[in-house]
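The opening residue of the sequence shown carries number -19 in the working numbering; numbering runs sequentially from there.
Beta carbons are placed, not taken as given, at the ideal position from N, Cα and C, and that holds for glycine.
Remember, it's a predicted structure, so these values are computed and weren't measured experimentally.
Written below as structure tokens is the structure these notes are about.
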Amino acid sequence: MALTKNEKRLRIKSRIRKVVSGTEARPRLAVYRSNKEIYAQVVDDVTGKTLAAASSRDKDVASAKGTKSEKAALVGKAVAERAIKAGINTISFDRGGYQYHGRVKSLAEGAREGGLKF
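As structure tokens, this is what we get:
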């Protein structure tokens, strides 16, 4: 029986997570994309803490006009700003099993514009 789209994504995600792990020196930028919204967290996997987070549901991003890709870029800039405020400059990017394309790509480019290095 064929896998559903979400089951396939979760398999890809587990393969990625075997390799990508966040430490205190280089935390992981985790992305979750739903049909309407996009969420990003900077996570230290050693302690299990979220160090910075942003989403398209935040007031400043939700009130902005534009496409979902443009809002994803704003989320990337917002999470970069909050991470830099927390003292984080370099991260490892976890695309969460999604293709590096569209909204995920624009979030990553927005984070790079915001000053994060990956």
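Anyone know if the C-beta pair for S(-6) and D25 falls short of 7 Å?
The count along the sequence shown starts at 1 and reaches residue -6 at position 14. The count along the sequence shown starts at 1 and reaches residue 25 at position 45. Result no, Cβ atoms of S(-6) and D25 do not sit closer than 7 Å.
Through-space distance from L(-10) to L(-17), alpha-carbon basis:
As a working mapping, residue -17 is identified with position 3 in the sequence shown. As a working mapping, residue -10 is identified with position 10 in the sequence shown. L(-17) and L(-10): Cα-Cα distance of roughly 10 Å.
Under 7 Å, do R83 and R13 count as touching if we go by C-beta distance?
As a position in the sequence shown, residue 83 is number 103, starting the count at 1. As a position in the sequence shown, residue 13 is number 33, starting the count at 1. Going by C-beta atoms, R83 is nearer than 7 Å to R13.
Work out the CA separation of L54 and S43 for me, nearest whole Å.
Reading the sequence shown from its first residue, position 63 is the one you call residue 43. Reading the sequence shown from its first residue, position 74 is the one you call residue 54. For S43 and L54, the distance between alpha carbons rounds to 11 Å.
In whole angstroms, give me the CA-to-CA distance for K46 and N69.
Along the sequence shown, read from residue 1 onward, the residue named residue 46 stands at position 66. Along the sequence shown, read from residue 1 onward, the residue named residue 69 stands at position 89. It is worth fixing the name first, because residue 46 is Gly in this sequence and not Lys. Their Cα atoms are separated by approximately 28 Å.
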